[in-house]
Amino acid sequence: MARAFAYPAEMNKAQLIDAIAPRFASRADAARALDAVTGAIEDALAAGENVTLVGFGTFERRHRPARTVRNPQTGESMLTQARDVPAFRPGASLKQRVATKPKKAAKATRNDAVDALTGTVAPAETLADVVASDKKAAKALKTLKKAVKKADAQA
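With numbering that gives the first Met the number 0 applied, the sequence shown closes on residue 154, and no number is skipped along the way.
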């Protein structure tokens with residue numbers, strides 16, 4: 000069974016391959032697929048064509064006219080050449096998906112704190128969050144710790 004991919008704040012090419020790899024027979028197949036897609040987009044842009052992926056967005060070539068720039072160290076003015084640059088215009092579906100806020104994690108409960116102490120469910124950070132925010136949970140945890148300590152002493 001494929002593991003869920005944890006998306007980083009920024010993603011490079013290797014991480015993108017890791018994210019799509021579960022949908023392919025192998026990681027190498029995923030890398031070849033990504034290379035094929037990016038290569039096709041590059042070829043189309045180099046030929047002066049736009050690439051539109053409906054809902055996702057459009058990769059296009061934009062013209063930048065010649066302009067006068069100034070070297071900040073010397074103060075010298077010079078003229079840059081006109082050039083074409085690649086650009087991306089996001090589609091409606093992508094804009095909507097990015098604009099929606101991610102779902103918040105479920106709030107921890109006292110039962111989660113007990114489960115964490117007994118080692119069945121909640122991670123330690125959830126336990127700390129529950130105890131810090133809930134006096135009843137802190138008291139229940141203290142009582143439970145005493146009971147466990149007493150049971151260990153009797154054993």
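The beta-carbon is built from N, C-alpha and C at its ideal position, and this holds for glycine as well.
Residue i, buried or exposed, once every other Cβ within 10 Å from all chains shown has been counted against 16
i, result
"A123", "With a pLDDT of only 49 at A123, under the threshold of 50, the placement of this residue in the model should not be trusted; the figure read from the coordinates follows. Exposed is the call here."
"A29", "buried"
"A5", "exposed"
"L140", "buried"
"N70", "exposed"
"A20", "buried"
Residues bridged to residue i (per DSSP)
i, result
"F87", "F58"
"V82", "Note that residue 82 corresponds to Arg in the displayed sequence, not to Val. Looking at the DSSP assignment, R82 forms a beta bridge with R63."
"S76", "R69"
"L52", "G56"
Assumed close pair residue i, residue j - CB separation to whole angstroms, cut-off 8 Å
i, j, result
"V50", "A43", "5 Å"
"R63", "V84", "6 Å"
"A32", "F23", "7 Å"
Residue i vs residue j beta-carbon contact at 9 Å
i, j, result
"T79", "V68", "yes"
"F55", "P7", "no"
Measuring CB atoms only, is the segment 15-28 touching the segment 59-74, in the sense that at least three cross pairs come out at less than 8 Å?
no
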